[in-house]
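Reading through the structure tokens given below for one structure.
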Amino acid sequence: MDGIFSGEVTARRFIHFVWPSVLMMVIIGLYYNMDSVFVVNLVGEEALAGLSIAYPVQGIMWGFAVMLASGSSAIVAIKMGEGDQQGANEKYTLICIVSIITGIIFSIVCIIFMDPLVEFLGATETLKHYCHDFLGIMVWSFPAAFLGQLFEYFIRVDGRPVFTLCLYLSGGFVHLALDYILMGPMGMGIEGAAYANLGGIVVIMIVGGAYFIFADTKLKFVKFKNDWKYIGHCFLNGSSEMVSEASSGITTFFFNIVVIKLAGDIGVAAMSIILNVHYLLISVHLGYIMGVAPLISYFYGAKDYDKVNIFIKYSKRFIIVTCLVSAVCCLLFGQYIVMIFERPGSELFEIALTGVRFLSVALLLCGINIFASGFFTAYGNGPVSALISMSRALIMNIIGVMILSWLFGMTGVYLTLAFAELTTMGLSFFMFNRYKDRYHYSLR
């Protein structure tokens, strides 16, 4: 590996390695938001609500894809840090096969159980056909999504973080272009959004595969041995990232169930806007930990703990600044953010604006929890990172939305994300302190 892996750690080299991951995740967040912008403006508010109802299926699929990618990439990076390149290549090749098979299984299950699935998600009669139309097309993209996600993680482990940005720029360009063409001039409605998603995912898979086939890479496809222990470790080690991704789908499901009773279909559409904005603003933190995790894994494997402590020092500064900036953006510029989705004066606009302003509290607190979860994944400690991730992204959200909505109605729904981050922060600090001697890092 070149650059920061083989030379002195400087702020310039660190930023050069990490910024593509941050920018990539922000771009992905923008893609999700632009999907909603196109849908609400070119198809309508009901279509946006239908998209939100269908989202949990995508969220769970992405959760499993990220679980395999993050869990395996940390293990492979540690192998590379130890100098075992052949072992790293074998494990990389094996997880590619496992990812394809898992994606196919997901597609088959969704196709077979499509009708009861849409019913279970809570779609009203008005929204059912939107869910059917969208999911009926999206399920065919799942195998490509699994493989594309894997390529993205391993290109970064291979020492080419800038190429991951190119990967998502190419897929994102196709996605957004198809969004406009298929939902605009061609008038394909929600099906156009599904085909646009599928097109972008396939492009990412093709470009990522081409990198490993044609480029001069450290990681290579080789003959592999079946290693069930390694596969199990990948699932366990990546479980926190799976929880982070899948829980967004699961919590969206619970939010939808609660909000549809409190504010109807229009409330579900507004909640979709709020959660999209939330994802966009936390994508900075998600991208950051994705960028810094391979460095932590590699130098932990190489037993160079001083460099890991340098990364922690940089991370504390990053978290403080980005949390403050994102919170201020929601407070001061919330109306302009919501105006991207909906014109001022409508009921949808007012509900969404209130929710976006409440996001500022959650955004002040989220950085430390997201970093903590990815930090322990980088050390191969899946159970701890999963516990932190499950707390902030799933358990406390479900508890919060049920209790707070009962106490305060829609205001309670808005407060749920902040409640989840606040209650998880104590757990994160406890785990940081507990494992500092075991992993030889300093919190000062």
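If you want my numbering, it's the 1-based position in the sequence shown plus 8.
Where a beta carbon is used, it is the ideal one built from N, C-alpha and C, also for glycine.
Remember, it's a predicted structure, so these values are computed and weren't measured experimentally.
1) If you draw a straight line from the C-alpha of Gln157 to the C-alpha of Ala77, how long is it?
2) Three or more C-beta pairs closer than 8 Å, one from the stretch 160 to 180 and one from the stretch 219 to 232: is that the case here?
3) Do Ala370 and Ala426 have their C-beta atoms closer together than 7 Å?
4) Using alpha carbons as the reference points, say which of Cys174, Lys99 and Ala85 lies closest to Lys237.
5) Excluding the five sequence neighbours on either side, which residues of its own chain have a C-beta within less than 6 Å of the C-beta of Ser463, listed in chain order?
6) CB-CB under 6 Å to Phe307, same chain, minus the five flanking residues each way: which ones, in chain order?
7) Do Ala380 and Ser436 have their C-beta atoms within less than 7 Å of each other?
8) Since I believe Tyr188 is in contact with Ile145 (beta carbons under 8 Å), could you give me their beta-carbon distance rounded to a whole number of angstroms?
9) I'd like the ranges of any alpha helix (DSSP H) spanning at least 4 consecutive residues and lying wholly in the stretch 115 to 176.
10) Quick check on DSSP: helix, strand or coil for Val8?
11) For the 8 Å Cβ check, are there 3 or more pairs between the stretch 252 to 272 and the stretch 57 to 73?
12) Leu412 and Gly420 - do their beta-carbons sit closer together than 7 Å?
13) Based on Cα-Cα distance, which residue from Asn284, Glu16 and Thr362 lies nearest to Leu423?
14) On the DSSP letters alone, give me the boundaries of the alpha helix (DSSP H) that Thr225 sits inside.
15) Please report how far the alpha carbon of Leu155 lies from the alpha carbon of Asn205, in whole angstroms.
16) Any idea if Glu16 is buried or exposed, counting beta-carbon neighbours within 10 angstroms, 16 or more meaning buried?
17) For Ser399, which residues of its own chain have a beta-carbon under 6 Å away from its beta-carbon, when the five flanking residues on both sides are left out?
18) Is Arg365 helix, strand or coil by DSSP?
19) Of all the options Phe22, Met32 and Phe25, which has the alpha carbon lying nearest to the alpha carbon of Ile290?
20) From the DSSP output, in three-state form, read off Pro352 for me.
21) At what residues does the alpha helix (DSSP H) containing Gly325 begin and finish?
22) Can you list the beta strand (DSSP E) stretches of 3 or more residues lying completely in the stretch 231 to 294, in chain order?
23) Determine the burial state of Tyr344: buried for a count of at least 16 other Cβ atoms within 10 Å of its Cβ, exposed for fewer.
Taking the structure as given:
1) Note on geometry: alpha-carbon atoms of Gln157 and Ala77 lie some 7 Å from one another.
2) yes
3) yes
4) Lys99
5) Since the first residue of the chain shown is 9 and the last is 452, residue 463 is not available in this structure.
6) Lys315 and Val316.
7) Going by C-beta atoms, Ala380 is nearer than 7 Å to Ser436.
8) Actually they do not touch by this definition, with Cβ atoms about 17 Å apart.
9) The alpha helix (DSSP H) runs lying completely inside the stretch 115 to 176 and spanning 4 residues or more are 122 to 128, 133 to 146 and 150 to 165, given in chain order.
10) The structure shown has nothing for residue 8, since the chain only spans 9 to 452.
11) yes
12) yes
13) Thr362
14) That residue, Thr225, is in no alpha helix (DSSP H); it is neither H nor E in DSSP.
15) The alpha-carbon atoms of Leu155 and Asn205 are separated by roughly 15 Å.
16) exposed
17) Thr432 and Leu435
18) helix
19) Met32
20) coil
21) Looking at the sequence provided, one finds Arg at residue 325 rather than Gly. From DSSP, the alpha helix (DSSP H) with Arg325 extends over Tyr313 to Met347.
22) none
23) exposed
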